[in-house]
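Each number in the working numbering comes from the position in the sequence shown (counting from 1) with 2 added on.
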Amino acid sequence: MALFGSIVLCRVVIDNESCKNATVIQVDSANRHGILLEVVQILTDLNLVITKAYISSDGGWFMDVFNVTDQDGNKIRDEAILDYIQKVSILGVISSTAYTSIELTGRDRPGLLSELSAVLSHLKCNVVNAEVWTHNTRAAAVMHITDQETGFAITDPTRVGRVKELLCNVLSGSSRAGKARTEVTHATTHTERRLHQMMFEDRDYERLGDREDEEERQRPNVSVVNWYDKDYSVVTIRCKDRPKLLFDTVCTLTDMQYVVFHGSVDTEGPEAYQEYYIRHVDGSPVKSEAERQRVIHCLEAAIERRVSEGLKLELCTTDRAGLLSDVTRIFRENSLTVTQAEVRTKGGKAINAFYVRDASGYPVDAKTIDSIRQSIGQTFLQVKGSPKEWKQEVPQESQSRFLFGGLFKSRSFCNFGLVKSYS
Numbered sequence: 003m004a005l006f007g008s009i010v011l012c013r014v015v016i017d018n019e020s021c022k023n024a025t026v027i028q029v030d031s032a033n034r035h036g037i038l039l040e041v042v043q044i045l046t047d048l049n050l051v052i053t054k055a056y057i058s059s060d061g062g063w064f065m066d067v068f069n070v071t072d073q074d075g076n077k078i079r080d081e082a083i084l085d086y087i088q089k090v091s092i093l094g095v096i097s098s099t100a101y102t103s104i105e106l107t108g109r110d111r112p113g114l115l116s117e118l119s120a121v122l123s124h125l126k127c128n129v130v131n132a133e134v135w136t137h138n139t140r141a142a143a144v145m146h147i148t149d150q151e152t153g154f155a156i157t158d159p160t161r162v163g164r165v166k167e168l169l170c171n172v173l174s175g176s177s178r179a180g181k182a183r184t185e186v187t188h189a190t191t192h193t194e195r196r197l198h199q200m201m202f203e204d205r206d207y208e209r210l211g212d213r214e215d216e217e218e219r220q221r222p223n224v225s226v227v228n229w230y231d232k233d234y235s236v237v238t239i240r241c242k243d244r245p246k247l248l249f250d251t252v253c254t255l256t257d258m259q260y261v262v263f264h265g266s267v268d269t270e271g272p273e274a275y276q277e278y279y280i281r282h283v284d285g286s287p288v289k290s291e292a293e294r295q296r297v298i299h300c301l302e303a304a305i306e307r308r309v310s311e312g313l314k315l316e317l318c319t320t321d322r323a324g325l326l327s328d329v330t331r332i333f334r335e336n337s338l339t340v341t342q343a344e345v346r347t348k349g350g351k352a353i354n355a356f357y358v359r360d361a362s363g364y365p366v367d368a369k370t371i372d373s374i375r376q377s378i379g380q381t382f383l384q385v386k387g388s389p390k391e392w393k394q395e396v397p398q399e400s401q402s403r404f405l406f407g408g409l410f411k412s413r414s415f416c417n418f419g420l421v422k423s424y425s
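What follows is the structure in structure tokens.
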């Protein structure tokens, strides 16, 4: 028997014997709204891959069985991870004195992340962690910042207000830019869930005219039908499999106030199949065609938000004040726009990943990458998975030509690769 967050009764059973190619995790607990999402969130945050799942939550009891592997497709043998799953507590909103959290939503445009990070650098704010998503012309970001001098959260109300005001000005852009929102708080919630919530609140699921036929074919296959004999609505999803897909769909259903009573997930092979038997929290199935279409569009958006195609740029180096501003400025100066970003700092190191595309909509070419390497320093940037004409050899050149000088010396490195990501 284990205590699973705020659940009064919970039993977690981990079985590494009954399934040939996966670890089986069974969770039994008292039922309440959101428990499925919280369990999936824990497994996802541990970078576990959920290959199958069986869900049942009729009455006052919740039971879920997950088949999980590590990122390499192996069973989970790490005792520390297995022990964590047994003992982890699910926490809600907590207060953080380590950093100040900024939530931003607005219209996406080329150079937006560069402008936002430049403002923060000007205000002597250091970006400790950040995650940025863009979808359907909208952008959302969660940034954790600290004071450059003290390294702690920014608490002065006047300064916090100034940060909020200037960031909102950047997001607003022009009168055509649409609504923008900036919130500054010391509370911390799960970043990816907040991004889903923020984009949902920003209505990024609304269709903006007709899409191209090719985009229509690539859209996830989502259907919603009512099973009148049992008063359920049945949601089925078929799409290309990728990590965190289950989290994204369950997160959206939960925040739309639907309860999953039964469900199954199967991700063997390149395609994922998900089936959920749902009701609204008021006990009713989907009531109208308008509601059915809204559920479909919101699930499609939840799946699409995390999918990025194009050039992935990974930067790993010693952290310093203004680093994010400098890097994103180089991207902007080379006509690249960031479609997704993940910024992490730990132990004095910055580990950043960016997905970029040409600001005019064309594929990023080798000349652009060469220009970026010239600016930052070819010794410290590598191109992986690229066309043959993108040479990897490091030429002899003067260190004085590098924009960052000695900032990337010694063990610091950057890896650039051309990939299509579903993570």
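All residues carry an ideal CB built from backbone N, CA and C; glycine is no exception.
Rounded distance between the beta-carbons of residue j and residue i, thought under 8 Å
i, j, result
"I78", "T25", "4 Å"
"L39", "T256", "5 Å"
"I280", "Y234", "7 Å"
"L122", "I147", "6 Å"
Residue i vs residue j beta-carbon contact at 9 Å
i, j, result
"F202", "M145", "no"
"T330", "K351", "no"
"E277", "A132", "no"
"L84", "L125", "no"
"E302", "P222", "yes"
"Q1", "N128", "Not covered by the structure: residue 1. The range shown for the chain is 3 to 425."
"G271", "A55", "no"
"E185", "E316", "no"
"I16", "I87", "yes"
"C57", "M65", "One point to set straight first is that residue 57 is Ile, not Cys, in the sequence displayed. Cβ distance < 9 Å, so I57 and M65 count as in contact."
Classification of residue i by the beta-carbon crowding that lies within 10 angstroms, buried from 16 upward
i, result
"S400", "Residue confidence is low: S400 scores 37 on pLDDT, short of 50, so the model does not pin down where it sits. No coordinate-derived value is stated."
"S310", "buried"
"F356", "buried"
"Y260", "buried"
"T339", "buried"
"R240", "exposed"
"N18", "exposed"
"S20", "exposed"
"S362", "exposed"
DSSP-derived helix/strand/coil call for residue i
i, result
"E185", "strand"
"F361", "The identity of residue 361 in the sequence shown is Ala, whereas the question assumes Phe. Three-state DSSP puts A361 in coil, outside helix and strand."
"D158", "coil"
"V262", "strand"
"D231", "coil"
"L39", "helix"
"S103", "strand"
"P389", "With a pLDDT of 45 at P389, under the threshold of 50, the modelled position of this residue cannot be trusted; read the value that follows with caution. Coil, per DSSP."
"K22", "coil"
"N49", "coil"
"V224", "strand"
First through last residue of the beta strand (DSSP E) which encompasses residue i
i, result
"C241", "234-242"
"Y86", "Element bounds for Y86: not the beta strand (DSSP E) but the alpha helix (DSSP H), 81-89."
"I27", "25-32"
"E344", "338-348"
"T256", "From DSSP, T256 is part of no beta strand (DSSP E) but of the alpha helix (DSSP H) over 247-257."
"D66", "63-71"
"D60", "Counting along the chain, D60 falls outside any beta strand (DSSP E), and DSSP gives it neither H nor E."
"D367", "No beta strand (DSSP E) contains D367, which DSSP labels as neither H nor E."
"N131", "127-137"
Range covered by the alpha helix (DSSP H) that runs through residue i
i, result
"L197", "193-203"
"A120", "114-124"
"D445", "The question about residue 445 has no answer, for the chain in this structure spans 3 to 425."
"A303", "291-307"
"I332", "325-335"
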